[in-house]
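Contents: one structure, followed by commentary.
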Amino acid sequence: MKSIVTAIALLAVAAPALAQEDKIKLKDGPGREAVEVNCSVCHSLDYIPMNSPFLDRPK
Amino acid sequence: MANARRPSGTLARRSFLHKAGLATVAAAGAPFIGRLIPPALAADNVPLAHGVPDGVRTIANLEALPGKKPLIKLSYRPPNYETPVNYFNDVLTPNDAFFVRYHLSNIPEVKAETWRLAIGGDSVERPAQYSLADLKNGFEQVEVVAVCQCSGNRRGLSQPHVQGVEWGYGAMGNARWRGVRLKDVLAKSGVKKDALEVAFDGADSGVVDKTPDFIKSVPAWKALDENTIIAFEMNGAPLPHWNGFPARIVLPGWTGTYWMKHVTSVNVIAKPQGGFWMNPAYRIPKGKFPLVDRFLSQETDANTPITEMVVNSLITNTSDGQRIKVGQAHEVRGVAWDGGYGITQVEVSSDGGKSWRPASLGQDLGRYSFRPWSYRFTPGKPGTYGIMAKATNRLGASQVFELVFNPAGYHHNVVQLVNVVAA
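Line by line, the protein sequences are chains A and B.
Take the first sequence: its letters are residues 13 to 71, numbered as in our numbering.
Take the second sequence: its letters are residues 1282 to 1704, numbered as in our numbering.
Shown next as structure tokens:
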């Protein structure tokens, strides 16, 4: 619960990002909702498309 | 990502954000809510560096934070915004175009009236606390022009790509910083002989309890250097909120990770500072870079903390694919900088590196500053001309032609190649 309260508190300051963040679309696929819910507590989702294409590349 | 806990068993992220945000608006009347946010420019109009990962093109926008001009948004939260290269045509980077870099998302709007700086740690005789007025009135005010560059500037150009904020060329800026010497403030508290490091903490914090607080330390000798200051002004104005208002550490010559924003405590300690942001974060392999400043108390067998910036340069007024006229002089301009030894030479090539000519060095604002440079050349016939620039510092160190790869993508100082077309 404390993390939720803290998350809400941070949104007070990061509020301008709120509307803009909604523009970030993750590709549909298994686990997408889990990623969205868990990762977005700490950071906006733009980190994921910024990094994932090359991290996903077959070795 | 830290060990984030799921905010709700069933609440979808967007629903959570909207509800949380609306609740906060109603309850707190938060400081930035309601300020006009200019619409973002489409990704096609964003001046991204060639070579950044493909994914950057899907998320980068030109957007303005409150009080800032539109910068290249790489992440909203924590905010990471890059300065477009054209701003570096001026030797001092404007405050409202200065890059923004945070590690943690909880960034309070600190009030100057209530802000306090605590001086403490086991290695001071007399802990103390200062208000902004105390600092301004109690110590000699000094100025230094210095480059603040993110350790990961140009990370996006690393090949192979490495994870992190995929910066292009603009995670840096040069400013005239005004404040008081950290050594003067520490002297008033009495630094003990066993002082090993000086640790900084700021007002920002993580969202969940387990997120490591962003605490950074430097060797005591660097903290006590006469150029290390607690800055409260930037280019003649109070620090912008997004650059550390009301006061930040300025550590000339060293990368930005140590330049603590919204600094709230300075602790002088006799043991190495621990924590995620000291190790494993911000490490470079030992022996790969020609650096002088070492952080011995934090070194391991494998790696060492990043310290001073490597010598580097940037072409600021000429872009890849630009068309110029045959028989007409074209002036290439740029800036060069290093870890504080001073730039002694910039050489420019207009034939892809086959031959080099010295550029003219511009205004010298001190050894920690950008050094502007310019070079005029006249294309004699139609075709593609490969423009390159290479800086050398007072130690004789220069830029590299091949990337010195490291897992975190630090110290990218590969000589640029900008192809222009004469017609």
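Note that CB positions come from ideal geometry on N, CA and C, so glycine has one too.
For residue i and chain A, any beta-carbon pair shorter than 8 Å?
i                       : result
residue 1509 of chain B : no
residue 1336 of chain B : yes
residue 1492 of chain B : yes
residue 1339 of chain B : yes
residue 1322 of chain B : At residue 1322 of chain B, the pLDDT of 48 sits below 50, so the modelled position is not reliable and the matter cannot be decided from this model.
residue 1287 of chain B : Model confidence at residue 1287 of chain B stands at a pLDDT of 27, short of 50, so the residue's coordinates are unreliable; what they give is reported in the following sentence. So, interface residue.
residue 1307 of chain B : The pLDDT assigned to residue 1307 of chain B is 28, lower than 50, so where the model puts this residue is not dependable; a value taken from the coordinates is nonetheless given after this. No - not a single Cβ of chain A is within 8 Å of the one on residue 1307 of chain B.
I want to verify the contact list: residues of chain A whose CB lies under 8 Å from the CB of residue i, in sequence order.
i                       : result
residue 1344 of chain B : 32
residue 1432 of chain B : Under the 8 Å cutoff, chain A gives no residues; its nearest Cβ is about 17 Å from residue 1432 of chain B.
Is it the case that the CB of residue i approaches a heavy atom of the ligand GDP more closely than 7 Å?
i                       : result
residue 1619 of chain B : The ligand GDP is not part of the structure shown, which contains no ligands of any sort.
State yes or no: is the beta carbon of residue i nearer than 8 Å to at least one beta carbon in chain B?
i                     : result
residue 15 of chain A : Any reading at residue 15 of chain A must be qualified, since the residue scores a pLDDT of 44, below 50, and its modelled position is unreliable; no value is offered.
residue 22 of chain A : Annotation note: pLDDT 46 at residue 22 of chain A (below 50); position unreliable, no value reported.
Whose C-beta lies closer than 7 Å to the C-beta of residue i among residues of the same chain, with five residues either side of it excluded?
i                       : result
residue 1327 of chain B : 1341, 1342, 1343 and 1353
residue 1486 of chain B : 1385, 1387 and 1494
residue 1507 of chain B : 1462 and 1464
residue 1522 of chain B : 1348 and 1390
residue 1510 of chain B : 1423, 1425, 1458, 1460, 1461, 1462, 1463 and 1531
residue 1440 of chain B : 1684
residue 1601 of chain B : 1331, 1699 and 1700
Quick one: residues in its chain with C-beta nearer than 6 Å to the C-beta of residue i, no 5 flanking neighbours on either side, listed in chain order?
i                       : result
residue 1411 of chain B : 1398
residue 1402 of chain B : 1548, 1549 and 1550
residue 1315 of chain B : Since pLDDT at residue 1315 of chain B reaches only 27, below the 50 mark, its modelled position is unreliable, and no value is offered.
residue 62 of chain A   : none
residue 1473 of chain B : 1404
residue 1656 of chain B : 1613, 1629 and 1640
residue 1377 of chain B : 1349 and 1350
residue 1539 of chain B : 1497, 1499 and 1532
residue 1514 of chain B : 1459
residue 1663 of chain B : 1607, 1703 and 1704
residue 1579 of chain B : 1553 and 1586
residue 1696 of chain B : 1669, 1671, 1680 and 1682
residue 1530 of chain B : 1481, 1540, 1541 and 1544
residue 1361 of chain B : 1355, 1382 and 1446
Go through its chain and collect everything with a Cβ distance to residue i's Cβ below 8 Å, but skip five positions before and after it.
i                       : result
residue 1569 of chain B : 1685 and 1687
residue 1334 of chain B : 1437, 1442 and 1447
residue 1572 of chain B : 1588, 1589, 1591 and 1620
residue 1445 of chain B : 1433, 1436, 1689 and 1690
residue 1336 of chain B : 1447
residue 1598 of chain B : 1367, 1370, 1612, 1613, 1614 and 1615
residue 1632 of chain B : 1666 and 1667
residue 1524 of chain B : 1376, 1379, 1381, 1515 and 1542
Which residues bound the alpha helix (DSSP H) around residue i?
i                       : result
residue 68 of chain A   : 59-68
residue 1370 of chain B : That residue, residue 1370 of chain B, is in no alpha helix (DSSP H); it is neither H nor E in DSSP.
residue 1555 of chain B : Taken as a continuous stretch (DSSP letters only), residue 1555 of chain B belongs to no alpha helix (DSSP H), as it is neither H nor E.
residue 1673 of chain B : Note, residue 1673 of chain B: premise wrong, no alpha helix (DSSP H); beta strand (DSSP E) at 1664-1674.
What residue range does the beta strand (DSSP E) around residue i cover?
i                       : result
residue 1630 of chain B : 1624-1630
residue 1514 of chain B : 1510-1515
residue 1327 of chain B : Element bounds for residue 1327 of chain B: n/a, residue is neither H nor E.
Looking at chain C, is there any beta carbon in it that lies within less than 8 Å of the beta carbon of residue i?
i                     : result
residue 47 of chain A : Absent from the structure is chain C; the protein chains it does hold are A and B.
* **Residues of the stretch 43-63 of chain A with Cβ closer than 7 Å to any Cβ of chain B, in chain order** => 45, 48, 49, 50, 51, 52, 53, 54, 55, 56, 58, 59, 61, 62 and 63
* Near-chain A residues of the stretch 1356-1372 of chain B (beta-carbon distance less than 8 Å), N- to C-terminal order -> 1356, 1357, 1358, 1359 and 1360
* To do: Identify each residue in the stretch 1381-1415 of chain B for which the Cβ-Cβ distance to at least one residue of chain A is less than 7 Å, and report them in chain order.
  => 1386, 1387, 1388, 1389 and 1390
* To do: Anything in the stretch 1433-1448 of chain B with a Cβ closer than 7 Å to a Cβ of chain A? List those residues in chain order, please.
  => 1442, 1444 and 1447
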